[in-house]
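J.:
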Amino acid sequence: MQRPATIQAEQVNLAVEATWGSVSPGQDVAALRTENDELRRTMAGRAVIDQACGMVMVLTPCRRSAARRLVVDVARQCDLRLREVAAALVATTEDKSLPEQMHRALRRALRRLHAADRR
1 MQRPATIQAE QVNLAVEATW GSVSPGQDVA ALRTENDELR RTMAGRAVID
51 QACGMVMVLT PCRRSAARRL VVDVARQCDL RLREVAAALV ATTEDKSLPE
101 QMHRALRRAL RRLHAADRR
């Protein structure tokens, strides 16, 4: 009975040694903080993207996948990040206007969406 417990303890010690032996604890904490910051930015960006997709779904009755494709299409046409386009769309709810280039790209994407619906 004691032998399996000893083997498990050795495996845990080896895993801990391998993890802590390769980097110092200070570097590990710094890496975790950096990763947490990146995850926070990513999650905040996703929330804005989801809001923009929801707006598109309400304003142009379509499914979520079509709404996301539309926002992605506008981002590609404007050579911007998806998060930037989504933030600009959401900002229109606060009486901010879209940049002209984004407005034109959005009109083209909406025409393509409606043309696909007619087929």
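Using the UniProt record's numbering, the first residue of the sequence shown is number 1, and each one after it goes up by one.
The C-beta atom is built at its ideal place from N, Cα and C for all residues, glycine as well.
These figures come from a predicted structure and were not determined experimentally.
1. What does the alpha-carbon distance come out to for the pair GLY54 and ARG104?
2. Restricting to Cα atoms, I'd like to know which of ARG108, THR93 and GLN51 is closest to ARG68.
3. Which residues in the same chain have their Cβ closer than 6 Å to the Cβ of GLN77, if we skip the five residues on either side of it in sequence?
4. Could you give the distance in angstroms between the alpha-carbon of ARG118 and the alpha-carbon of LEU59?
5. Closer than 7 Å by C-beta to THR92: which residues in its own chain qualify, once you throw out the five before and the five after it? Chain order, please.
6. Which residue comes first and which comes last in the alpha helix (DSSP H) that contains GLU94?
7. How would you write the range of the alpha helix (DSSP H) that MET78 sits in, first residue to last?
8. Output the boundary residues of the alpha helix (DSSP H) element that contains ARG108.
9. Work out the CA separation of ARG81 and ARG41 for me, nearest whole Å.
T.: The relevant details are as follows:
1. 20 Å
2. GLN51
3. ALA105
4. 17 Å
5. LEU98
6. Note, GLU94: premise wrong, no alpha helix (DSSP H); not H, not E.
7. Just to set this straight, residue 78 is Cys in the shown sequence, not Met. Per DSSP, CYS78 belongs to the alpha helix (DSSP H) from 64 to 78.
8. 100 to 118
9. Their backbone Cα atoms lie some 13 Å apart in a straight line.
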